[in-house]
Amino acid sequence: MPEQNRYTAEQRRYLAERRRKRRARRRRQNLLLMLLIAAVVILTVLIAVHSCSPGTPEETTQSQSVLATTEPALTATQPPLTTEQPEATTAAEPETDPPAPAEDKSWNLILVNADHPLPEDYTVSLKELRNGHHVDERIYPELQQMFDDARAQGIHPLINESFRTRERQQEILDKYTASYEAAGMSHEDAYAKARQTVALPGTSEHELGLALDIIAEYDADSTATWNWLKENSWKYGFILRYPADKVERTGIDYEPWHFRYVGVEAAKEITEQGLCLEEYVEQTGP
Ligand SMILES: [Zn+2]
């Protein structure tokens, strides 16, 4: 005998109603499950697209954080990658930074002379001094310290020339040439004479922002100031750039006022070994 015959009509209605409800519940559960699966698929696609797109370091950090939260296995093998943003940023930094120190390493030893013009694309971040002069901002702290210490010892140095643009260098050369011409020289002779003391535009250290001409602030005689600088400037990373005994090598007459920043380490070695920058760069390599 078929099973449903054992039930009363009311029981059958009840059972039918219960089956209907169960089917409805199952449909709802299926629908919910499908929605859940769809959500997971969409989320996965979004993460994949986001982590593939090139972005700023911040964006990379964010996608790494998302990965770390949704895939615990990653955090287990990579302890530094946590969900906390600041730590993730720290971990990501070394990947983007390394090239900078290599480029920056020898900025202070760049050689500029008649044979080594400034690179065409040379740029410098300048710091303006109180008297309107400009220097490479990287040398400012040591320059300030040198002047402070000199003043504490009764020496009052004054910057007479500092950073020059290429255009300014050209103006100076033109001005010197014109003054010799005015004194009766031919243009050719006047230019040749000007070139003895003025470097060609693009070959003057002053265009680097690392060279300074220094005189005494109050005295007409700068000898004491120059002597102090000759004795002490290396401690602050500066060298007397055109010494009297290196004229042959530098190609520039003795200039007791012209100091050049090369960094403390190089200044110490150059001073101890009695070298000029040309010799030092040749010795240590570019
Ligand atoms: Zn100079």
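Going by our numbering, the first residue of the sequence shown is number 4, and it counts up by one from there.
Heads up, the beta-carbon is just placed ideally off N, CA and C, and yes, glycines get one too.
Here the structure is a predicted model, which means the values were calculated and not measured.
- Taking the Cα positions, residue 21 is about 14 Å away from residue 30.
- In the structure shown, residue 159 falls within a coil segment according to DSSP collapsed to helix, strand and coil.
- With three or more CB-CB distances shorter than 8 Å, the region 229-238 counts as touching the region 259-277.
- Annotation for residue 136 indicates a beta carbon at 6 Å or more from all heavy atoms of ligand 1.
- The beta carbons of residue 162 and residue 215 sit closer together than 7 Å.
- When DSSP states are grouped into helix, strand and coil, residue 40 belongs to the helix group.
- For residue 256, the Cβ stays outside the 6 Å cut-off from all heavy atoms of ligand 1.
- By the Cβ-count criterion, residue 245 is buried, with 16 or more other Cβ atoms from all chains shown falling within 10 Å of its own Cβ.
- Not one heavy atom of ligand 1 lies closer than 6 Å to the C-beta of residue 139.
- Residue 127 sits in coil when the DSSP states are folded into three classes, being neither helix nor strand.
- In this structure, 232 is the residue among 206, 278, 25 and 232 with its C-alpha nearest to the C-alpha of residue 218.
- Look at the beta carbons and you see the region 175-191 not touching the region 130-138: under three pairs across the two are nearer than 8 Å.
- Taking the C-beta atoms as reference points, residue 136 is found no nearer than 7 Å to residue 109.
- In the DSSP assignment, residue 113 falls outside any beta strand (DSSP E) and carries neither an H nor an E.
- The beta carbon of residue 216 sits closer than 6 Å to at least one heavy atom of ligand 1.
- Taken from the Cβ of residue 119, every heavy atom of ligand 1 lies 6 Å or farther away.
- Placement of the Cβ of residue 261 at a distance of less than 6 Å from at least one heavy atom of ligand 1 is found.
- CA-CA distance, residue 251 to residue 121, rounds to 21 Å.
- Secondary structure note for residue 203: it is in no beta strand (DSSP E), with a DSSP letter that is neither H nor E.
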